[in-house]
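In the working numbering, the protein residues as written are 3 to 558. Working notes, beginning with the structure itself.
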Amino acid sequence: MSLRPVPVPPVPEATARVARAVFRKGCLAMRVRDELGPLFCDEQFASAFPRRGGPALSPGQLAMVSVLQFTEGLTDRQAADAVRARIDFKYCLGLELDDPGFDFSVLSEFRDRLIAHGLEEQVLDTLLQRLSELGLLRAGGRQRTDATHVLAAVRVVNRMEFVGETMRAALEALAATVPGWLAHIARQHPAWEKRYGARCDSYRMPKGDNAREEWARTVREDGFCLLEAVHAPGTPWWLRKIPAVQVLRSAWIQQYHRDVEGVRWREGKDLPPGRIRMLSPYDVQARYSVKRGTGWVGYKVHLSEVCDPGTPHVITNVATTDATVQDTEMTDQVHQALQKRELLPAEHLVDCGYTSASLLVQARDDYQVNLLGPLRTDTSPQKRHTPEVAQEAFTIDWKNHRVTCPQGHTNAVWSAQRHNIRGVPIVQVFFRREDCDVCPLREPCTRTTNPRYGRGLQILAQPLQEAQDARRREEQTDEFKARYALRAGVEGTISQAVRRSGIRTTPYTGLAKTHLGHIFTTTALNLVRLDAWWTGTPLGTTRTSHFAKLSLSLAA
């Protein structure tokens, strides 16, 4: 299908007359058209369409429908019906009253086309650019960022269920693609029909440890047998390229260790790291992670929003990652995205998950952003039990490479040009063993058994260490606490995204589709917030239960 761009039509007179008669005070879809005008145009999506072919539906209108769809949590079928039947949708899109709309499958095809051509961010970028032109959004000021978990659209299974279901998924794909070839293989394994004919649920698993081990061993051999048949000489080469077969091969590599001595389960450190370990044959990008005692399989979404008083709290960036990516890995990526949109804040409020000494310096030097957030707490035994011998009690003379301990002793070794396991430049410092042995604070200070040196310190490179010390002193001030209190408002944004669009559960499989869903979600939330801004609706307050209110009144 080729794209033949057409200008966004004005709202037909009949449509406008009926819409204003029905919605005397207006509604979200109508105010979006009145305040922002035609938001999306066909030219913005031209790169996603070839030059030849039949005419495609207007991608600008499909983008607008998709955003309106996410403002109300509609399915594709409901959104297509709304275009045909609802006057507010017709007003926003500039359609005649008798416009028949389109088939609901077009919306899914449109999302696939955006992903295939790298246009996922186009919808959000267009809205942010329009708001900047209208003076409702600008660089500088304050923004805040936080993340929440996203559950994948798959069942959580144990390892035996996973390998069984992976084998079944491969057989299903081959049965649909090459039934004749698979029938020949299946005749040699008549038990496969009973073993893999139905989903490998926990209630279908054999009972007892010995029976389960035997079942797992059987599935293992079945998988290797199928893979050997697919890779055998004379087998069509393209069978190896079927996604379910590739998932089977990868899963067997991750779950089993095969050598001259035989095949066995991988255990402990022999398993691949969690960042690359598959957990479902149906969403191979979903990963398992734990945060504050809560474990989940899926992804994480990071939301950044403007939080200046007197302006609409527009969401300026959304980033989706697999569940294993740490928040500290996203700080620089968020700044890069905001810089690309020319929306970098002067002050960026985050929790301790997004901060470190190196990130404080990087944000200041590379982006001129004050990364405002507490650093992770020092959990060393000295800090917890005897603060007077904690690292912060030592005095550092950077010019003379000298560190003085609380008892007045100076270091014997200053070893620079080193890096810790995260690649951060550090300086290693050691004190003399004879000084530490006679020190009255030796027991809480160090328990080293090094025959040459006593207490050792690992301090950051000078700019990083100075930034860390300054931030930890700043955290104790009332001014910092008052400024940082503004960060808590981002929890309301996550709450709104969860209640309005169910952002913690993705209906899609794969990281790309999940991220596109988050783009539409945040764009829709921005329209909801703008509608509240235009109508003077005040910001929501923290919900308090009736019993809590009663308790507060009794305490007063």
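In this text, a Cβ means the ideal position worked out from N, Cα and C, and glycines have one as well. Bear in mind that the values here come from a model prediction, so they are computed numbers and not experimental data.
Which first and last residues belong to the beta strand (DSSP E) in which residue i is found?
i: Glu349; result: 349 to 351
i: Phe432; result: 427 to 434
i: Leu373; result: 372 to 374
i: Tyr284; result: Per DSSP, Tyr284 belongs to no beta strand (DSSP E) and is neither H nor E.
i: Leu462; result: 455 to 462
i: Val405; result: 404 to 406
i: Ile278; result: Premise fails: Ile278 is in no beta strand (DSSP E) and is neither H nor E.
i: Thr397; result: 397 to 399
Would you mind giving the Cβ-Cβ distance between residue i and residue j, rounded to the nearest angstrom? I have them listed as a contact below 8 Å.
i: Leu173; j: Tyr198; result: 5 Å
i: Pro40; j: Leu5; result: No, Pro40 and Leu5 are not in contact; Cβ-Cβ is about 17 Å, not under 8 Å.
i: Phe91; j: Ala31; result: 6 Å
i: Asp353; j: Arg489; result: 7 Å
i: Thr543; j: Asp285; result: Not quite, the Cβ-Cβ distance comes to about 38 Å (not below 8 Å), so this is no contact.
i: Arg470; j: Leu377; result: For clarity, residue 470 is Gln in the given sequence; the question names Arg instead. Their Cβ separation, rounded to whole angstroms, is 6 Å, which keeps Gln470 and Leu377 in contact under 8 Å.
i: Gly96; j: Val159; result: Wrong, their Cβ atoms sit about 48 Å apart, outside the cutoff.
Taking the Cβ atom as the reference point for each residue, do residue i and residue j lie within a distance shorter than 8 Å?
i: His403; j: Leu373; result: no
i: Ala130; j: Cys94; result: The sequence given here places Leu at residue 130; Ala does not occur at that position. No; because the gap between Cβ atoms is not below 8 Å, this pair is not in contact.
i: Pro314; j: Arg33; result: no
i: Thr168; j: Pro274; result: no
i: Ala141; j: Leu345; result: yes
i: Ala175; j: Ala234; result: no
i: Gln460; j: Asn422; result: yes
i: Trp277; j: Thr326; result: Note that residue 277 is Arg in the sequence shown, not Trp. A contact, by the Cβ cut-off of 8 Å.
i: Ser503; j: Thr516; result: no
i: Ala82; j: Phe106; result: yes
i: Gly300; j: Ala288; result: yes
i: Glu123; j: Ile505; result: no
i: Val429; j: Trp416; result: yes
i: Thr330; j: Gly295; result: no
i: Ala303; j: Val180; result: Reading off the sequence, residue 303 comes out as Val, not Ala. No, they are not a contact pair.
i: Gly588; j: Arg146; result: The question about residue 588 has no answer here: the residues shown for the chain are numbered 3 through 558.
What three-state label does DSSP hand residue i in the structure shown?
i: Ser291; result: strand
i: Val316; result: coil
i: Arg449; result: coil
i: His2; result: Because residue 2 is not part of the residues shown, which for the chain are 3 to 558, the question remains open.
i: Thr539; result: coil
i: Glu122; result: coil
i: Trp267; result: strand
i: Val500; result: helix
i: Val249; result: helix
i: Pro102; result: coil
i: Pro57; result: strand
i: Thr330; result: helix
i: Thr507; result: strand
i: Met207; result: coil
i: Pro465; result: helix
i: Val440; result: coil
i: Arg170; result: helix
i: Asp471; result: helix
Tell me residue i's beta-bridge partners as DSSP assigns them.
i: Thr525; result: Partner(s): none; Thr525 has no beta bridge.
i: Lys302; result: His151, Thr323
i: Trp416; result: Val431
i: Asp261; result: Gly264
i: Gly297; result: Val292
i: Arg146; result: Glu307, Leu351
i: Pro12; result: Looking at the DSSP assignment, Pro12 forms no beta bridge with any residue, so it has no partner.
So the alpha helix (DSSP H) residue i belongs to, where does it begin and stop?
i: Thr73; result: 61 to 74
i: Thr17; result: 15 to 24
i: His337; result: 333 to 342
i: Ile244; result: That residue, Ile244, is in no alpha helix (DSSP H); it is neither H nor E in DSSP.
i: Ile187; result: 181 to 189
i: Ile89; result: 89 to 95
i: Met32; result: 30 to 38
i: Leu138; result: First-last for Leu138: undefined, no H or E at that position.
i: His387; result: 383 to 387
i: Ser553; result: 548 to 557
Regarding residue i and the ligand SAH, is the C-beta to nearest heavy atom distance less than 7 Å?
i: Ala48; result: Annotation note on the ligand SAH: not contained in the displayed structure, which lists no ligands.
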